[in-house]
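FYI, in full-length UniProt numbering the residues of the sequence shown are 1 to 454. For each residue, glycine too, the CB sits at the ideal point set by N, CA and C. A quick note: this is a predicted structure, and the numbers were derived from the prediction, not measured.
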Amino acid sequence: SQTSLKQKKNEPGMRSSKESLEAEKRKESDKQGVRLSNQMRRAVNPNHSLRCCPFRGHSSCRRCLCAAEGTALGPCRTIRIYIHMCLLWEQGQQITMMRGSQESSLRKTDSRGYLVRSQWSRTSRSPSTKAPSIDEPRSRNTSAKPKPKNAITIALSSCALFNMVDGRKIYEEEGLEKYMEYQLTNENVILTPGPAFRFVKALQYVNARLRDLYPDEQDLFDIVLMTNNHAQVGVRLINSVNHYGLLIDRFCLTGGKNPIGYLKAYLTNLYIAADSEKVQEAIQEGIASATMFDGAKDMAYCDTQLRVAFDGDAVLFSDESEHFTKEHGLDKFFQYDTLCESKPLAQGPLKGFLEDLGRLQKKFYAKNERLLCPIRTYLVTARSAASSGARVLKTLRRWGLEIDEALFLAGAPKSPILVKIRPHIFFDDHMFHIEGAQKLGSMAAYGFNKKFSS
Numbered sequence: 001s002q003t004s005l006k007q008k009k010n011e012p013g014m015r016s017s018k019e020s021l022e023a024e025k026r027k028e029s030d031k032q033g034v035r036l037s038n039q040m041r042r043a044v045n046p047n048h049s050l051r052c053c054p055f056r057g058h059s060s061c062r063r064c065l066c067a068a069e070g071t072a073l074g075p076c077r078t079i080r081i082y083i084h085m086c087l088l089w090e091q092g093q094q095i096t097m098m099r100g101s102q103e104s105s106l107r108k109t110d111s112r113g114y115l116v117r118s119q120w121s122r123t124s125r126s127p128s129t130k131a132p133s134i135d136e137p138r139s140r141n142t143s144a145k146p147k148p149k150n151a152i153t154i155a156l157s158s159c160a161l162f163n164m165v166d167g168r169k170i171y172e173e174e175g176l177e178k179y180m181e182y183q184l185t186n187e188n189v190i191l192t193p194g195p196a197f198r199f200v201k202a203l204q205y206v207n208a209r210l211r212d213l214y215p216d217e218q219d220l221f222d223i224v225l226m227t228n229n230h231a232q233v234g235v236r237l238i239n240s241v242n243h244y245g246l247l248i249d250r251f252c253l254t255g256g257k258n259p260i261g262y263l264k265a266y267l268t269n270l271y272i273a274a275d276s277e278k279v280q281e282a283i284q285e286g287i288a289s290a291t292m293f294d295g296a297k298d299m300a301y302c303d304t305q306l307r308v309a310f311d312g313d314a315v316l317f318s319d320e321s322e323h324f325t326k327e328h329g330l331d332k333f334f335q336y337d338t339l340c341e342s343k344p345l346a347q348g349p350l351k352g353f354l355e356d357l358g359r360l361q362k363k364f365y366a367k368n369e370r371l372l373c374p375i376r377t378y379l380v381t382a383r384s385a386a387s388s389g390a391r392v393l394k395t396l397r398r399w400g401l402e403i404d405e406a407l408f409l410a411g412a413p414k415s416p417i418l419v420k421i422r423p424h425i426f427f428d429d430h431m432f433h434i435e436g437a438q439k440l441g442s443m444a445a446y447g448f449n450k451k452f453s454s
């Protein structure tokens, strides 16, 4: 009975001691919470000095700073969360990496949004290991595709992009059904590159360089694959495009129907095909078009610069000079061109494409990249510089266009010059120039006038 009386007397003292201990624990936890918020506030300060990070299991590095200012942060009694902050000076931004486990409900601790519910995974009780970064929208914009209304659309036939001679032979000899059966059987067999393949790779390199300088740039080359193949054959084309890493997202598979009618719907700036009849149909629709020929020899092409060569008359300029020469002779033409030196030549079918190239070049010039510009243009003309060269250059100046190199040959063969230039594509309206370029291995394109010259 005496012991029970003593216990009753000591009960108020025990209660007071327990309450005091709990009060001290609460004060200590509150202090830790204040200390934690202060540490986070100091850590996100961009003027905070760099320290070697002593975080458990983390090697020391110059770019790391610890939220605890030099001491490893112990477990918090309320939420048991470890915080490790790294400062990325290259990007000028800070990323908070949070690891740990939750013992009690997480509350918003500061106004900067580091500890918010959106950082916790919906499918797991543990917090997400990746904090939202403001770089993510930029990375999505970087991989965004160019908008058709802003892009320079280059439409290619499948036979220009890939070598499809074997399938074409089966189609002509055995018919459409055997051709489709052949393509379906070989849909996992990768097609070999065609005459326009290197041209497409060069276009993609220009796009990559533009995106490096202008992450949100939309004024790019947009490549569309135009073919009258059936949709089932498209699987082999897609496999081949993906195999070579070609960024071609827009396909037009017409299932035997002529695809020329879709060129305007795709806002085509230039159409390139291996079939001269389709090219002529596109020209009659008012679209700049060319037939692509492969070189007879393998030739090394520059992978870091798109090189485009143009003939002058009937390509960049109108064909009035050729008509005048046929009617009045070469001497009369020289006299006429000298008198009309200050009068600009009429524009030809490829003037618009040269304008597009010039517009992209100026974007590199604005970033002091003139000497490293990935686009280079050439004028390769049979005109004489002494008699008619001034009018050509003044016409380009009047149009506000620049040509990187102007080569006046005065009637000499163009093939040796093209071998030296090694253009990815050369536009000319005379077939004998094209054949000469083919023999030496240069890529060439032909066919711009409504009436073809031969």
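| Query | Result |
| --- | --- |
| Quick check on DSSP: helix, strand or coil for T304? | coil |
| Helix, strand or coil for L213 per DSSP? | helix |
| Less than 8 Å separating the beta-carbons of T192 and F162? | yes |
| Under the assumption that D404 contacts Y378 (Cβ atoms under 8 Å), give the Cβ distance between them as a whole number of angstroms. | 7 Å |
| Determine the direct distance from the alpha carbon of L360 to that of Q335, and round the result to whole angstroms. | 37 Å |
| Where does the unbroken beta strand (DSSP E) through F271 begin, and where does it stop? | Note on residue identity: the sequence assigns Tyr, not Phe, to residue 271. It spans 270 to 273 - the beta strand (DSSP E) in which Y271 sits, taken as one unbroken run. |
| Return helix, strand or coil for D428, following the three-state DSSP convention. | strand |
| Applying the criterion that 16 or more other CB atoms from any shown protein chain within 10 Å of the CB defines a buried residue, is C373 buried or exposed? | buried |
| In three-state terms, what does DSSP make of P193? | strand |
| Under a Cβ-count criterion, where at least 16 other Cβ atoms within 10 Å of its own Cβ denotes burial, should L21 be classed as buried or exposed? | exposed |
| Who are the Cβ neighbours of G389 in its own chain at under 8 Å, not counting the five residues just before and after it? | R383, A406, F408 |
| Measure the C-alpha to C-alpha separation of R422 and R211 and round it to an integer number of angstroms. | 26 Å |
| From the DSSP output, read off the bridge partner residues of F324. | Bridge partners of F324: none, in fact. |
| Taking the alpha-carbon positions, what's the K178 to R236 distance? | 16 Å |
| Would you kindly check if the distance between the Cβ of D311 and the Cβ of V380 is under 8 Å? | yes |
| Beta strand (DSSP E) containing R376: first to last residue? | 375 to 381 |
| Should C159 be labelled buried (16 or more other beta-carbon atoms within 10 Å of its own) or exposed? | buried |
| Do the stretch 201 to 218 and the stretch 300 to 311 make contact, defined as three or more Cβ pairs closer than 8 Å? | yes |
| Sorted by chain position, which residues of the same chain lie with C-beta nearer than 8 Å to D294's C-beta, five sequence neighbours on each side aside? | G194, P195, Q438, M443 |
| DSSP three-state call for A155: helix, strand or coil? | strand |
| Would you check if there are 3 or more beta carbon pairs closer than 8 Å linking the stretch 323 to 332 to the stretch 246 to 265? | no |
| Would K362 pass as a contact of L316 if the rule is Cβ separation under 8 Å? | no |
| Excluding five sequence neighbours on each side, which residues of the same chain lie with their C-beta closer than 7 Å to the C-beta of T142? | Low local confidence applies: a pLDDT of 39 at T142 is under 50, so the model's placement there is unreliable, and no value is given. |
| Considering only the alpha carbon of each residue, which of H433, W399, R397 lies closest to G411? | H433 |
| Is the beta carbon of A273 less than 8 Å from the beta carbon of T291? | yes |
| Can you give the Cα-Cα distance for Q183 and S289, rounded to whole angstroms? | 28 Å |
| For T268, I'd like the list of residues in its chain whose CB is within less than 6 Å of its CB, leaving aside the five on either flank, ordered along the chain. | T153, A155, I287 |
| In its own chain, which residues sit with a C-beta less than 7 Å from the C-beta of E173, not counting the 5 before and 5 after it? | none |
| Does the Cβ of M226 have 16 or more other Cβ atoms within 10 Å, making it buried, or fewer, making it exposed? | buried |
| Report all residues from its chain with a CB closer than 6 Å to the CB of I248; omit the five preceding and five following residues, and keep chain order. | I223, L225, V241 |
| Helix or strand or just coil, what does DSSP make of Q218? | coil |
| Closest by CA to M299, which one among P413, G400, M431, I425? | I425 |
| Take F333 and list the residues in its own chain whose beta-carbon comes closer than 7 Å to its own, dropping the five residues that flank it on each side. | S321, F324, T325 |
| Just to confirm, is the Cβ distance from L345 to L401 under 8 Å? | no |
| Could you tell me if K414 is buried or exposed, where buried requires 16 or more neighbouring beta carbons within 10 angstroms of its beta carbon? | buried |
| Should K264 be labelled buried (16 or more other beta-carbon atoms within 10 Å of its own) or exposed? | exposed |
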